[in-house]
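Visitor: In the working numbering, the protein residues as written are 7 to 303. The C-beta atom is built at its ideal place from N, Cα and C for all residues, glycine as well. Owing to the predicted nature of the structure, the values given are computational and were not obtained by experimental measurement.
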Ligand SMILES: Nc1nc(=O)c2c([nH]1)NC[C@@H]1CN(c3ccc(C(=O)N[C@@H](CCC(=O)O)C(=O)O)cc3)C=[N+]21
């Protein structure tokens, strides 16, 4: 094994403590805590785990956490009504509606109901448009966390060949926008891409966000490439007969070829939550009209 393991968990801990210090300063300046509202519809066990860890991290950073758990059969109209009440609530700076939503609810309709200036997930079309056109707005947490790890490892990304595997609104597309903003030459690959291995082999930066366990293998990589694995897949380990988490990258073979690689768990996942807190603090400053230094976080 030759690759450096990128410790996302440690980087995220550092980011959370910087956000915590700024959250304390925000409270001093305004007399109130920055607040994040998280809405969870239904009983999905994985979503419950994520929501619990988001709430815990929010409190640890010295912010207010508002959790709304709604039954599985909540109507779209009721959910939209809750979102609108959070839009109007001055104690709430950030709103996150946990995805996926139950099938009878139109996710796009719910996302569209969130005030773009409280949309700390960066999923509202207004924020997607701002990102695409170079305006200030909220950037989805996972891709922003990936960029932070890449810049920490590589410094200037300008001119590098980057391949994003996956084209979701939540990860693939905003990831490609951010890499483009950093002046990378960006390729977006997806399930219909031909000769994916050949596309990946050209890349200095590989971001894997396909949702297929261990799909990207070491022999697809350019030696020395930086590999960011966004996938979180639960599989059965055939040797131990226990469930375990793996990424979209086959870690063992990739680590022999890559220059640096994020592990799963302990890579991108913890960054997602840390950036969510960061975005909430930024939202609080904007809503309160209290300036935050440009490079503060
Ligand atoms: N509106 C919305 N916004 C989201 O940001 C959002 C969402 N919906 N739905 C679900 C996904 C998933 N997600 C993760 C957050 C943290 C970890 C994380 O911290 N993972 C740890 C632990 C993993 C574990 O042990 O289960 C790790 O990778 O090391 C993973 C995944 C946010 N999501």
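1) Who pairs with residue 242 in a beta bridge, going by DSSP?
2) Return yes when at least one heavy atom of ligand 1 lies under 7 Å from the C-beta of residue 190, else no.
3) As a quick exercise: from 110, 95, 257, pick the residue whose alpha carbon is nearest that of residue 79.
4) Determine the burial state of residue 117: buried for a count of at least 16 other Cβ atoms within 10 Å of its Cβ, exposed for fewer.
5) Contact between the stretch 27-45 and the stretch 245-264 is defined here as three or more beta-carbon pairs at a separation below 8 Å; is this criterion met?
6) Who pairs with residue 193 in a beta bridge, going by DSSP?
7) Say whether the stretch 208-217 touches the stretch 228-245, bearing in mind that this needs 3 or more beta-carbon pairs closer than 8 Å, one atom from each stretch.
8) Is there at least one non-hydrogen atom of ligand 1 closer than 7 Å to the beta-carbon of residue 78?
9) Is the beta carbon of residue 279 sitting closer than 8 Å to the one on residue 59?
10) From what residue to what residue does the alpha helix (DSSP H) around residue 293 run?
11) Measure the C-alpha to C-alpha separation of residue 139 and residue 50 and round it to an integer number of angstroms.
12) Does residue 218 get closer than 8 Å to chain C when you measure Cβ to Cβ?
13) Do residue 104 and ligand 1 come close, with the Cβ less than 7 Å from some heavy atom?
14) Under 8 Å Cβ to Cβ from residue 217, same chain only, skipping five residues before and after it: list those, please.
15) Does at least one heavy atom of ligand 1 sit under 7 Å from the Cβ of residue 2?
16) Tell me whether residue 213 counts as near ligand 1, meaning its Cβ is closer than 7 Å to at least one heavy atom of that ligand.
17) Give me the residue from 105, 104, 115 with the minimum Cα distance to residue 87.
18) If we ignore side chains and look at the alpha-carbon of each, how far apart do residue 183 and residue 137 end up?
19) Should residue 284 and residue 65 be called a contact, given that it needs their Cβ atoms to be closer than 8 Å?
20) Taking 7 Å as the cut-off, is the C-beta of residue 149 nearer than that to any heavy atom in ligand 1?
21) What's the C-alpha gap between residue 120 and residue 93?
22) Leaving aside the five residues before and after residue 164 along the sequence, list all residues of the same chain whose C-beta is less than 6 Å from its C-beta, in chain order.
23) Which of helix, strand or coil does DSSP assign to residue 298?
24) Going by other Cβ atoms of all chains shown within 10 Å of its Cβ, with 16 needed for buried, is residue 69 buried or exposed?
25) Find out if the Cβ-Cβ distance for the pair residue 128, residue 146 is shorter than 8 Å.
26) Can you tell me where the beta strand (DSSP E) holding residue 212 begins and where it ends?
27) In this structure, does DSSP put residue 235 in helix, strand or coil?
28) Residue 251: beta carbon under 7 Å from a heavy atom of ligand 1?
29) Pull up the distance between the alpha-carbon of residue 302 and that of residue 27, whole angstroms please.
30) Exposed or buried, residue 124, counting other C-beta atoms within 10 Å across all chains shown (16 or more means buried)?
31) Using the Cβ count rule (16 or more neighbours within 10 Å means buried), how would you classify residue 12?
Guide: Taking the definition as stated:
1) Position 236 of the chain shown, counted from the start, is the residue given in the question as residue 242. Its beta-bridge partners are 249.
2) For this step, residue 190 is matched to residue 184 along the chain shown. Residue 190: no, Cβ never under 7 Å from ligand 1.
3) Your numbering for residue 79 matches position 73 in the chain shown. If we check each option's Cα against that of residue 79, 110 comes out closest.
4) What you label residue 117 is simply residue 111 of the chain shown in a count that begins at 1. Buried, since its Cβ has 16 or more Cβ neighbours within 10 Å.
5) no
6) Along the chain shown, one-based indexing puts residue 193 at 187. Residue 193 pairs with 169.
7) yes
8) The count along the chain shown starts at 1 and reaches residue 78 at position 72. Distance from the C-beta of residue 78 to the nearest heavy atom of ligand 1 is not below 7 Å.
9) Residue numbering aside, residue 279 sits at position 273 when the chain shown is read from its first letter. Residue numbering aside, residue 59 sits at position 53 when the chain shown is read from its first letter. Cβ distance < 8 Å, so residue 279 and residue 59 count as in contact.
10) Locating residue 293 in the chain shown gives position 287, where the first residue counts as 1. 274-294 is the span of the alpha helix (DSSP H), which, as asked, contains residue 293.
11) Position 133 of the chain shown holds residue 139. Position 44 of the chain shown holds residue 50. Going from the Cα of residue 139 to the Cα of residue 50 covers about 36 Å.
12) The structure shown contains no chain C; it holds only a single protein chain.
13) Residue mapping note: residue 104 aligns to position 98 of the chain shown, counting from 1. It does: the Cβ of residue 104 is within 7 Å (strictly closer) of some heavy atom of ligand 1.
14) By one-based count along the chain shown, residue 217 stands at place 211. Cβ neighbours of residue 217 beyond the five flanking positions: 172, 237, 239, 254.
15) As shown, the chain starts at 7 and ends at 303. That puts residue 2 outside it, with no answer to give.
16) Locating residue 213 in the chain shown gives position 207, where the first residue counts as 1. The answer is no for residue 213.
17) Here residue 87 refers to the residue found at position 81 of the chain shown. Comparing Cα-Cα distances from residue 87 to each of 105, 104, 115, the minimum goes to 115.
18) Locating residue 183 in the chain shown gives position 177, counting from the first residue. Locating residue 137 in the chain shown gives position 131, counting from the first residue. Straight-line Cα distance between these residues: approximately 7 Å.
19) As a working note, residue 284 is residue 278 in the chain shown. As a working note, residue 65 is residue 59 in the chain shown. Contact: no.
20) Locating residue 149 in the chain shown gives position 143, where the first residue counts as 1. Residue 149 Cβ: outside cutoff for every heavy atom of ligand 1.
21) Along the chain shown, read from residue 1 onward, the residue named residue 120 stands at position 114. Along the chain shown, read from residue 1 onward, the residue named residue 93 stands at position 87. Approximately 7 Å, taken between the alpha carbons.
22) Walking along the chain shown from the start, residue 164 turns up at place 158. The residues are 189.
23) Indexing the chain shown from 1 puts residue 298 at position 292. The answer is coil: DSSP assigns residue 298 none of H, G, I, E or B.
24) One-based indexing of the chain shown puts residue 69 at position 63. Label assigned to residue 69: buried.
25) The residue you call residue 128 lines up with position 122 of the chain shown. The residue you call residue 146 lines up with position 140 of the chain shown. Yes, these two residues count as a Cβ contact at 8 Å.
26) By one-based count along the chain shown, residue 212 stands at place 206. Residues 211-214.
27) Taking the chain shown and counting its residues from 1, the one referred to as residue 235 is at position 229. Strand.
28) Indexing the chain shown from 1 puts residue 251 at position 245. Yes, the Cβ of residue 251 comes within 7 Å of a heavy atom of ligand 1.
29) For this step, residue 302 is matched to residue 296 along the chain shown. For this step, residue 27 is matched to residue 21 along the chain shown. Taking the straight line from one Cα to the other gives about 11 Å.
30) Here residue 124 refers to the residue found at position 118 when the chain shown is read from its first residue. Buried, because 16 or more other Cβ atoms sit within 10 Å of the Cβ of residue 124.
31) Here the question's residue 12 lines up with position 6 in the chain shown. Result: buried.
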